[in-house]
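*Asks:*
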């Protein structure tokens, strides 16, 4: 048998039907659902008189719209947001799917809740009407975002119509330097490949620096595979993965665990398997990075300066000019001189316990810069509870951060947490697009430790100076 | 779904690269529980001023391009969020074809589910089409799906590739879910087999 990649193996194990032209029906093991991209899909089912084929494999949680201030126990003020969340309440009940409502302590960002509850397991196919479904690839699960029509398709048939992507390997060799984190890896990779570099591919991340990451770090890396254009990102499961999964509420137990482990241990890329594209970075070469523009590929080390648009080629010249103007920067300006007025720590990229620990480590015993608005939005109610137990919440609060309830919050600003025009935010989220965090708002993407450093000084800051 | 055959209409140029789905439709318009009526907010932040009112500089606000049916856009169109509100807004505006040198994966899939034809062309052809789109409303492009051709206003014909299954579905206005449900027995069989091989799933 010819050697296979990890992607090949998971793909082959899930093909329910293959047509002559290679179009496949791919079986879906877990379907995650949130309130923004699902109402039209459930409505479609109702209109056609269809049921959810596998409600036991379907998990829903509201996250995009929910307020993160303590007064949310009194209900959602914005009528449109409230209608979407109420629609999800009703759809979950009517169709009998697993549900974590707003008031449940397990509620949180769908990509944090899935792994936390043991829904996401190695070798699975996982989809959700959200591009950051790529996160679950950290478990060696084939996971990707879909549109609402596909949400309806999966609800009705538990399959997706798919053609296989190509295989791409991203290897990060060696060790990371102090102050460099999973976020810096994933941003550095996008800086290298560009936001379209992964289009048509599924990426497998490998190498010593990836192996050394915790599950939280691996989720951060895979989360942004989509920002590189890839359909999905994958990391082969290993002891770190099994250790994380074991004992979670929906992880297999007893004899089932043993059976699962037997298969999971076969989930790696065979020696000599073919990759259509290979990128290699040295872990030692990766610096703490920030974005300067309005595309996640606009990445530079914090020690660098804002680039000159003329130094780019093709369509990027105009794009960079537009970005720099939108961002209110000047070519040649030192990135570490850029002053910020807002800090956001959270999101499916960096809203897990390890992220909060990394930020708290920098903030311990310090205060944020006067006049700065800073907030921590834990990725789930359970992450929040754990952070409180570990004393991290106190560190944030004493430093001057707002300590919020779980949700997507200012990552996409669908709830009341938004930037005003011209405001500049150091954000641990995943997209720096124009208007992403609020119309006219300016976003610099960075790691939780770098966000904490920026909160202290009031400008983009090399975290290594504070370590 | 409506059948897609041929489009003969105004093509608008949007040469900017990496036009993301937040630009196509900002999140404030994702709070709907319907699919319809989003055309008016297509490209919202580029199309309207912060204080309201149309931005006259924006291409789709120019008299020549108000009835655009074909969009010729820069590379990596539709990147970012999976929101299907992006193709819903494009469709609702009246745009039926988007042409670029590459598309983001999820957006590309979403187009077909909504009767929009996304066409990938080589850079040299893209340049020809972009020039043609710049000519305004009297210069109409023709996109013929059956023949897989784009014809510029001055008669230059460019052929394009499309997945045969997707072409078939667009031409016949077929609904994916209905088609898949005809293969129900394959899904049943798979579930039976997978249930034995991986009972923990």
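Protein chains in written order, with the numbering used here: chain A, -18 to 448; chain B, 2 to 202. Just so it is clear, CB atoms sit at the ideal spot from N, CA and C, and this is done for glycine as well. Since the model is a prediction, treat every value here as computed from it, not as a measurement.
Given that a residue counts as buried once 16 or more other Cβ atoms are within 10 Å of its Cβ, and exposed if not, what is residue 143 (chain A)?
*Replies:* Taking the first chain and counting its residues from 1, the one referred to as residue 143 (chain A) is at position 162. Per the 10 Å Cβ criterion, buried.
*Asks:* Helix or strand or just coil, what does DSSP make of residue 100 (chain A)?
*Replies:* For the purposes of this step, residue 100 (chain A) is taken as residue 119 along the first chain, with counting starting at 1. Coil at residue 100 (chain A), not helix or strand.
*Asks:* Given a limit of 8 Å on CB to CB distance, which residues of the region 43 to 62 of chain B reach chain A?
*Replies:* For the region 43 to 62 of chain B, the set of positions with a beta-carbon nearer than 8 Å to some beta-carbon of chain A reads 46, 51 in chain order.
*Asks:* Got a sec: which bits of the region 144 to 163 of chain B sit with their beta carbon under 9 Å from any beta carbon on chain A, in order along the chain?
*Replies:* none
*Asks:* Taking just the CA atoms, how far does residue 442 (chain A) sit from residue 311 (chain A)?
*Replies:* Here residue 311 (chain A) is taken as the residue at index 330 of the first chain, counted from 1. Here residue 442 (chain A) is taken as the residue at index 461 of the first chain, counted from 1. In this structure, the straight-line span from the alpha carbon of residue 311 (chain A) to that of residue 442 (chain A) is close to 18 Å.
*Asks:* Chain B beta carbons: is any one of them nearer than 8 Å to that of residue 251 (chain A)?
*Replies:* By one-based count along the first chain, residue 251 (chain A) stands at place 270. No - not a single Cβ of chain B is within 8 Å of the one on residue 251 (chain A).
*Asks:* Assuming residue 185 (chain A) and residue -14 (chain A) form a contact by the criterion Cβ under 8 Å, report the distance between their Cβ atoms to the nearest whole angstrom.
*Replies:* For this step, residue 185 (chain A) is matched to residue 204 along the first chain. For this step, residue -14 (chain A) is matched to residue 5 along the first chain. About 6 Å separates the CB atoms of residue 185 (chain A) and residue -14 (chain A); that is less than 8 Å, so the two are in contact.
*Asks:* Residue 182 (chain A) by DSSP, collapsed to three states: which one?
*Replies:* The residue you call residue 182 (chain A) lines up with position 201 of the first chain. Residue state, collapsed to three classes: strand.
*Asks:* For residue 75 (chain B), go through chain A and note every residue whose CB falls closer than 7 Å to its CB, in chain order.
*Replies:* As a first step, residue 75 (chain B) is located in the second chain; it is residue number 74 there, counting from the start. Here the neighbours are 296.
*Asks:* Beta-carbon separation of residue 41 (chain A) and residue 78 (chain A) under 8 Å?
*Replies:* Locating residue 41 (chain A) in the first chain gives position 60, counting from the first residue. Locating residue 78 (chain A) in the first chain gives position 97, counting from the first residue. For residue 41 (chain A) and residue 78 (chain A), yes; Cβs fall inside 8 Å.
*Asks:* Taking the beta strand (DSSP E) that residue -18 (chain A) falls in, what are its first and last residues?
*Replies:* Residue mapping note: residue -18 (chain A) aligns to position 1 of the first chain, counting from 1. Neither: residue -18 (chain A) is in no beta strand (DSSP E) and is coded neither H nor E.
*Asks:* Out of A:292, A:254, A:103, A:163, which one is the CA nearest neighbour of residue 426 (chain A)?
*Replies:* By 1-based counting over the first chain, the position of residue 426 (chain A) is 445. The shortest Cα separation from residue 426 (chain A) among A:292, A:254, A:103, A:163 belongs to A:163.
*Asks:* What would DSSP say about residue 159 (chain B), mapped onto helix, strand or coil?
*Replies:* Position 158 of the second chain holds residue 159 (chain B). Looking at residue 159 (chain B) - three-state DSSP - the assignment turns out to be strand.
*Asks:* Looking at chain B, which residues of the region 194 to 215 of chain A have a Cβ within less than 9 Å of any of its Cβ atoms?
*Replies:* 207, 208, 210, 211, 212
*Asks:* Taking Cβ-Cβ distances shorter than 7 Å, what residues in chain A pair up with residue 202 (chain B)?
*Replies:* Start at 1 with the first residue of the second chain, and residue 202 (chain B) comes out as number 201. What residue 202 (chain B) touches in chain A: 10, 105.
*Asks:* Look up residue 68 (chain B) in the DSSP assignment and say whether it is helix, strand or coil.
*Replies:* To locate residue 68 (chain B), count along the second chain from 1; it is residue 67. Of the three classes helix, strand and coil, the one that applies to residue 68 (chain B) here is coil, per DSSP.
*Asks:* Could you tell me which residues DSSP pairs with residue 14 (chain B) in its beta bridges?
*Replies:* Working through the second chain from its first residue, we reach residue 14 (chain B) at position 13. In the DSSP output, where bridge partners are listed per residue, residue 14 (chain B) has B:73.
*Asks:* According to DSSP, is residue 426 (chain A) helix, strand or coil?
*Replies:* As a working note, residue 426 (chain A) is residue 445 in the first chain. In the structure shown, residue 426 (chain A) sits in a strand (DSSP, three-state: E or B).
*Asks:* For residue 7 (chain B), which residues does DSSP report across the bridge?
*Replies:* On the second chain, residue 7 (chain B) is found 6 positions in, with the first residue counted as 1. Bridge partners of residue 7 (chain B) according to DSSP: B:145.
*Asks:* From A:267, A:-8, A:-1, pick the residue whose C-alpha is nearest to that of residue 158 (chain A); which is it?
*Replies:* Locating residue 158 (chain A) in the first chain gives position 177, counting from the first residue. Relative to the Cα of residue 158 (chain A), the nearest Cα in the group A:267, A:-8, A:-1 belongs to A:267.
*Asks:* For residue 19 (chain A) and residue 85 (chain A), I'd like the C-alpha separation in whole angstroms.
*Replies:* In the first chain, the residue the question calls residue 19 (chain A) occupies position 38. In the first chain, the residue the question calls residue 85 (chain A) occupies position 104. Spanning the two alpha carbons is a distance of roughly 20 Å.
*Asks:* Just grab the DSSP bridge partners of residue 329 (chain A) for me.
*Replies:* By 1-based counting over the first chain, the position of residue 329 (chain A) is 348. Note: residue 329 (chain A) sits in no beta bridge, so no partner.
*Asks:* Would you tell me roughly how many angstroms separate the C-alpha atoms of residue 315 (chain A) and residue 290 (chain A), rounded to the nearest one?
*Replies:* Looking up residue 315 (chain A) in the first chain gives position 334. Looking up residue 290 (chain A) in the first chain gives position 309. The straight-line gap from Cα to Cα measures roughly 15 Å.
*Asks:* Between residue 395 (chain A) and chain B, is any beta-carbon pair separated by less than 8 Å?
*Replies:* Here residue 395 (chain A) is taken as the residue at index 414 of the first chain, counted from 1. By this cut-off, residue 395 (chain A) is an interface position.
*Asks:* Is DSSP giving residue 21 (chain B) helix, strand or coil here?
*Replies:* Along the second chain, one-based indexing puts residue 21 (chain B) at 20. If DSSP states are grouped into helix, strand and coil, residue 21 (chain B) belongs with the strands.
*Asks:* Using a Cβ-Cβ distance under 8 Å, would residue 73 (chain A) count as near chain B?
*Replies:* For the purposes of this step, residue 73 (chain A) is taken as the residue at position 92 of the first chain. Answer no: the Cβ-Cβ gap between residue 73 (chain A) and chain B never drops below 8 Å.
*Asks:* Shorter than 8 Å from the beta carbon of residue 416 (chain A) to some beta carbon of chain B?
*Replies:* On the first chain, residue 416 (chain A) is found 435 positions in, with the first residue counted as 1. Yes, residue 416 (chain A) counts as interfacial toward chain B.
*Asks:* Measuring alpha carbon to alpha carbon, tell me which residue in A:202, A:439, A:399, A:448 is nearest residue 212 (chain B).
*Replies:* This structure gives no information on residue 212 (chain B), because the portion of chain B shown stretches from 2 to 202.
*Asks:* Is there a Cβ from chain B that is less than 8 Å from the Cβ of residue 171 (chain A)?
*Replies:* Stepping through the first chain from its first residue, residue 171 (chain A) is reached at position 190. It does not; no Cβ of chain B falls within 8 Å.
*Asks:* Residue 20 (chain A) touches chain B at which residues, Cβ-Cβ below 9 Å?
*Replies:* As a first step, residue 20 (chain A) must be located in the first chain, where it is residue number 39. Those within 9 Å of residue 20 (chain A) in chain B are 33, 34, 35.
*Asks:* Specify the secondary structure class of residue -3 (chain A) as computed by DSSP and reduced to three states.
*Replies:* Numbered from its first residue, the first chain carries residue -3 (chain A) at position 16. Of the three classes helix, strand and coil, the one that applies to residue -3 (chain A) here is strand, per DSSP.
*Asks:* Just grab the DSSP bridge partners of residue 148 (chain A) for me.
*Replies:* Counted from its first residue, the first chain places residue 148 (chain A) at position 167. Answer is A:183, bridged to residue 148 (chain A).
*Asks:* In the DSSP output, what is residue 101 (chain B) paired with across the bridge?
*Replies:* As a first step, residue 101 (chain B) must be located in the second chain, where it is residue number 100. DSSP, once it has assigned bridges, lists B:121 as partnering residue 101 (chain B).
*Asks:* Specify whether the region 129 to 149 of chain B and the region 62 to 81 of chain B touch according to this definition: at least 3 beta carbon pairs, one from each stretch, less than 8 Å apart.
*Replies:* yes
*Asks:* If I measure Cβ to Cβ from residue 21 (chain A) and keep anything under 7 Å in the same chain, skipping five residues before and after, which residues do I get?
*Replies:* Translated into the one-based positions of the first chain, residue 21 (chain A) becomes position 40. For residue 21 (chain A), where only same-chain residues beyond five positions count, the Cβ hits under 7 Å are 129.
*Asks:* Based on Cα-Cα distance, which residue from A:199, A:152, A:179 lies nearest to residue 188 (chain A)?
*Replies:* By one-based count along the first chain, residue 188 (chain A) stands at place 207. Checking every option, the nearest Cα to that of residue 188 (chain A) belongs to A:152.
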